[in-house]
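Chemist: Using full-length UniProt numbering, the letters of the sequence shown correspond one by one to residues 1 to 392.
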Amino acid sequence: MKICFITTTIFNLGGVQRVVSVLASELSKNNKVDVICTDRTFKVNREMYNLNSNVSIKFNSGLLHKKFTNKVICKISREVNSITGILNNSVMSDLLLYGYCPNEVQDRFINYLNTRNYDVIIGIEGYYSIVLGKISDKLNGKTIGWMHNSYDAYLNNKGKYYWKQDELFKRYIPKLNCNVVLTYDDKIKYKEKLGIDCKVIYNPLSFECNKKSSCDKKSIIFVGRLLEQQKGLDLLIKIFNIIHKKKSDWILKIVGEGPDRESLINHIEKYNLKNNVILLGQCDNVKDHYLESSIFVSTSRWEGFGLAITEAMECGLPVVAFDNSGPKEIISKPNINGVLVGDYNINKFADEIISLIENDEKRTSMSLESVKRAKDFKIDNIIKQWIQIIEK
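1. How do the segment 93-113 and the segment 154-170 stand: do at least 3 beta-carbon pairs fall below 8 angstroms, yes or no?
2. Does the separation of the CB atoms of N179 and I196 fall below 8 angstroms?
3. How about K58 and K32: do their beta carbons lie closer than 8 angstroms?
4. Based on the DSSP secondary-structure assignment, which residues constitute the bridge partners of V341?
5. In whole angstroms, what separates the C-alpha of I387 from that of V120?
6. Label G99 either buried or exposed according to how many other C-beta atoms from any shown protein chain fall within 10 Å of its C-beta, with 16 as the threshold for buried.
7. I'd like the ranges of any beta strand (DSSP E) spanning at least 3 consecutive residues and lying wholly in the segment 180-249.
8. For V341, I'd like the list of residues in its chain whose CB is within less than 8 angstroms of its CB, leaving aside the five on either flank, ordered along the chain.
9. For M147, which option in T310, I382, V16 and V223 has the closest C-alpha, if you only look at C-alpha atoms?
10. Report the rounded CA-to-CA distance for F296 versus C101, giving the unit in angstroms.
11. Using 8 angstroms as the Cβ pair cut-off and three pairs as the minimum, do the segment 4-23 and the segment 120-140 touch?
12. Tell me the rounded alpha-carbon separation between K189 and Y162.
13. Suppose contacts are defined by Cβ-Cβ distances below 8 angstroms. Is I36 in contact with I6 by that definition?
14. Please name the residue or residues paired with S56 in a DSSP beta bridge.
15. Shortest alpha-carbon distance to V277 belongs to which of D288, P318 and K238?
16. Tell me which residues share the same chain as C74 and place their Cβ nearer than 6 angstroms to its Cβ, disregarding the 5 neighbours each side in the sequence.
17. Who are I254's beta bridge partners in DSSP?
18. If contacts are defined as beta-carbon pairs under 8 angstroms, then E292 and S219 qualify, I think. What distance do you get, rounded to the angstrom?
19. Can the beta-carbon of S82 be found less than 8 angstroms from the beta-carbon of G141?
20. Please work out which residues of its chain come closer than 8 angstroms, Cβ to Cβ, to R261, disregarding the five sequence neighbours upstream and downstream, and give them in chain order.
21. Within the continuous beta strand (DSSP E) that includes V120, where are the two ends?
22. Nearest CA to the CA of Y154: which residue from N210, K175, G133 and V181?
23. Within this structure, are the beta carbons of S325 and S150 separated by less than 8 angstroms?
24. Would the segment 192-208 and the segment 368-384 be scored as touching if the rule is three or more Cβ pairs under 8 angstroms?
25. Relative to the alpha-carbon of H65, which residue among L87, V55, E228 and N103 has its alpha-carbon at the smallest distance?
26. Please tell me whether V200 and K217 are closer than 8 angstroms, where the distance is taken between their beta carbons.
27. Below 8 angstroms between beta carbons: does that hold for S214 and Y290?
28. Taking the beta strand (DSSP E) that W146 falls in, what are its first and last residues?
29. Please list the terminal residues of the continuous alpha helix (DSSP H) segment that includes I383.
30. So, helix, strand or coil for T9, using DSSP?
31. Between S298 and I309, is the Cβ-Cβ spacing less than 8 angstroms?
32. Between N157 and K193, what straight-line distance do the alpha-carbon atoms span, to the nearest angstrom?
33. So, is T69 buried or exposed, given that buried needs 16 or more other C-beta atoms within 10 angstroms?
34. Which of the three DSSP states is assigned to K375 in this structure?
35. Please report how far the alpha carbon of Y127 lies from the alpha carbon of N111, in whole angstroms.
36. Less than 8 angstroms between the beta carbons of Y118 and L235, yes or no?
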């Protein structure tokens, strides 16, 4: 079978890139797999996420090219709609689509995909899923959309992602053969709010870890892109400041890079925590850092799934996270295989971590339950579900 993924790139830092690489690598063992990247600025780096050599990378930024007049019209229409939402309705949906994907772009996708005779075409995230939905009746292969963030993050997050583009989802996503989401919370919301049926498939773990953390190090760990608003970096440092006042011998390790690094440093300096917060940057040996820590924290304000949470569980770490759709799906037994904190309550979050610090038995018990839960995200389990969709 010939399968292709369409995405911006899989060669920069991020959970989407990691998960697409894992799935493409696994499918390439028994299928011909292409990954079409529309951004050529990132160099091929198969080592970043252990991308299988069988996976063929196709760079094609020309797919999104627009004539100058179209480019201007599209930009204006997008900006006007983002502010007013005037195009986000059934009457104006054709104009709304034009703002993001005019006919010339659609035709280019149709020609490119059909000449390569793909059996299955998977659009990564909302934009490519919408494009595939719009042209699905003109494509030879089966079309699948794969959403990598929560419904609320995509459609209810003011000024971000697919803000005021509900109508495009409602009109074109149902034209796909299948739309994959990451949580049952998202499945319900897509159905209730937009009338879209979805299939839930969890993100697979990007690694397995036979060794488990002893959870006896005085170390808390955060792993993720340095995006202040989404990942709650401001909340993270406020929480650790509360912890530090009571447990000054504990440290916070932060693994990851991103555009808000300087802002994060400012937060750390504001609370005079530079001797207790370690910025490790992007690490190839993240597994080792999990194993040398005792508690994992997720302070995201929104999270489609939370791949780092499942990685931490695989390494045997207790997890404390804010109660949004991704963490809520993973921490299936609150206070048993993880802790969920509601309402972005930083004092409650800090108290839960201090409770784990002070209670070795609780930390050990939650560690064991984390490992049990991580088994649900093994690649063998996930690939079976994908194959069922692909071959159906």
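Cβ coordinates follow ideal geometry from the N, Cα and C atoms, glycine included.
Modeler: Let me spell this out:
1. Under the three-pair Cβ rule at 8 angstroms, the segment 93-113 counts as touching the segment 154-170.
2. Remark: C-beta atoms of N179 and I196 approach each other more closely than 8 angstroms.
3. No Cβ-Cβ contact shorter than 8 angstroms links K58 with K32.
4. DSSP output for V341 lists F322 as bridge partner(s).
5. Rounded to whole angstroms, I387 to V120 spans 11 angstroms at the Cα level.
6. G99 sits buried, since 16 or more C-beta atoms from the chains shown fall within 10 Å of its C-beta.
7. With a minimum length of 3 residues, the continuous beta strand (DSSP E) runs that stay inside the segment 180-249 are 219-223.
8. If the five residues before and after V341 are omitted, its C-beta is found closer than 8 angstroms to the C-beta atoms of V320, A321, F322, D323, K348, F349 and E352, all from its own chain and listed in chain order.
9. If we check each option's Cα against that of M147, V16 comes out closest.
10. The alpha-carbon of F296 is positioned some 41 angstroms away from that of C101.
11. Yes, they touch.
12. The alpha-carbon separation between K189 and Y162 amounts to approximately 15 angstroms.
13. Result yes, Cβ atoms of I36 and I6 sit closer than 8 angstroms.
14. Paired residues: D34.
15. Answer by Cα proximity: K238.
16. Answer for C74: G99, listed in chain order.
17. Beta-bridge pairing links I254 to F222 and L279.
18. Their Cβ separation, rounded to whole angstroms, is 6 angstroms, which keeps E292 and S219 in contact under 8 angstroms.
19. Not a contact, by the Cβ cut-off of 8 angstroms.
20. Only L226 and L279 meet the Cβ criterion.
21. From DSSP, the beta strand (DSSP E) with V120 extends over V120 to I124.
22. Of N210, K175, G133 and V181, the residue nearest in Cα terms is V181.
23. It is a contact, given that the beta carbons lie within the stated cut-off.
24. A contact between stretches requires three or more CB pairs, one per stretch, nearer than 8 angstroms, and the segment 192-208 meets this requirement with the segment 368-384.
25. When each option's Cα is compared against that of H65, the closest is N103.
26. Result no, Cβ atoms of V200 and K217 do not sit closer than 8 angstroms.
27. Contact check for S214 against Y290 fails: the beta carbons are separated by 8 angstroms or more.
28. Residues K142 to W146.
29. Membership of I383 in the alpha helix (DSSP H) is indicated by the continuous run I379 to E391.
30. Looking at T9 - three-state DSSP - the assignment turns out to be coil, as it is neither helix nor strand.
31. Yes. Within cutoff.
32. Looking at the two C-alpha atoms, the distance is approximately 15 angstroms.
33. Here T69 is exposed. Its C-beta has fewer than 16 other C-beta atoms within 10 Å.
34. Helix.
35. Y127 and N111 have their C-alpha atoms spaced approximately 18 angstroms apart.
36. Against a cut-off of 8 angstroms, the Cβ pair of L235 and Y118 comes out as no contact.
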